[in-house]
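Numbering follows UniProt numbering, with no gaps: position 191 of the sequence shown is 191. Where is the CB? At the ideal position from N, CA and C, for every residue including glycine. Scroll down for the structure; my scribbles are underneath it.
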Amino acid sequence: MDDAWLSTLAASPWLLPALFGLVVADAFLVVLPSETVVVAFGALAASTGAPDPVAVIPVAAAGAVVGDGLCYLIGRGIGLERWRWQREGRVGAALHRARAGVHRRTAVLVFTARYVPFARIAVNLAAGAGRVPLRRYLPLSLSAGVAWAAYNVAIGAVVGTALDEAPLAAVVISIPVAITLGLVVDRIVAGLDARRTPSP
1 MDDAWLSTLA ASPWLLPALF GLVVADAFLV VLPSETVVVA FGALAASTGA
51 PDPVAVIPVA AAGAVVGDGL CYLIGRGIGL ERWRWQREGR VGAALHRARA
101 GVHRRTAVLV FTARYVPFAR IAVNLAAGAG RVPLRRYLPL SLSAGVAWAA
151 YNVAIGAVVG TALDEAPLAA VVISIPVAIT LGLVVDRIVA GLDARRTPSP
């Protein structure tokens, strides 16, 4: 199959702005976790040479920090009880857990939640609602965003390098790899959280 169209897409000047917008939106709408897209971009960069991975990492990190920061501001402005979705379901349960530990374990929660979509929303809302000082929250969010972006681009780059003669295959294969690793991280974080939570 001719992959020339993929190389053309990879070189598009709109690709990185689209990535930024998707990562920001993912802070609120967990439809397609942005991790999979960042990993795909890493695979594309390694297999075609574009987009430049040195640019993908800061763009993805900036999107993560902006999106998480907006969630923080929403939490600070409206709290954790205003809407039904904040009280019920998976997000509600995550918010309850995050609220309980957001001051005691701010760094751990901000870093680990960046890799788990629903927990990410919960922790950032809880940090805002709990009035975690911005001077403490922002450096943690920035560090977590950069580490998250570099990690996902690196995963994609490994797949892309292995399949550098088949860019489309590299992108397609990188997506289930990202999803699988995301599920593994989710399980690990849930297990660690369960160990830290005292029994009633």
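- In this structure, the beta-carbon distance from residue 59 to residue 29 does not fall below 8 Å.
- For residue 66, same chain residues with a beta-carbon under 7 Å away, outside a window of 5 residues either side, are 24 in chain order.
- Of the candidates 116, 135 and 139, 116 places its Cα closest to the Cα of residue 152.
- With contact defined as three or more Cβ pairs closer than 8 Å, the stretch 104 to 112 and the stretch 136 to 146 are in contact.
- Contact annotation: residue 19 and residue 39 have beta-carbon atoms that are not nearer than 8 Å.
- With contacts defined as CB atoms closer than 8 Å, residue 52 and residue 61 fail to qualify as a contacting pair.
- A contact between stretches requires three or more CB pairs, one per stretch, nearer than 8 Å, and the stretch 117 to 133 fails this requirement with the stretch 153 to 162.
- Sixteen is the threshold: since fewer than 16 other Cβ atoms of the shown chains lie within 10 Å of the Cβ of residue 107, the residue is exposed.
- Boundaries of the alpha helix (DSSP H) around residue 120: 117 to 129.
- Secondary structure note for residue 58: its alpha helix (DSSP H) is the uninterrupted segment 53 to 78.
- Residue environment analysis places residue 130 among the buried positions, since at least 16 neighbouring C-beta atoms fall within 10 angstroms of its C-beta.
- Following the DSSP letters along the chain, one finds residue 111 inside the alpha helix (DSSP H) bounded by residues 106 to 113.
- Per DSSP, residue 33 is not a residue of any alpha helix (DSSP H), being assigned neither H nor E.
- Residue 160 places its beta carbon less than 8 Å from that of residue 43.
- Taking 8 Å as the cut-off, the beta carbon of residue 119 is found no closer than this to the beta carbon of residue 68.
- Around the beta carbon of residue 14, a 10 Å sphere encloses fewer than 16 other beta carbons of the protein chains shown; the residue is thus reported as exposed.
- For residue 135, the closest C-alpha among the options 77, 148, 149 and 72 is that of 72.
- Rounded to whole angstroms, the separation of the alpha carbons of residue 47 and residue 57 is 16 Å.
- In the structure shown, the three-state DSSP call for residue 153 is helix.
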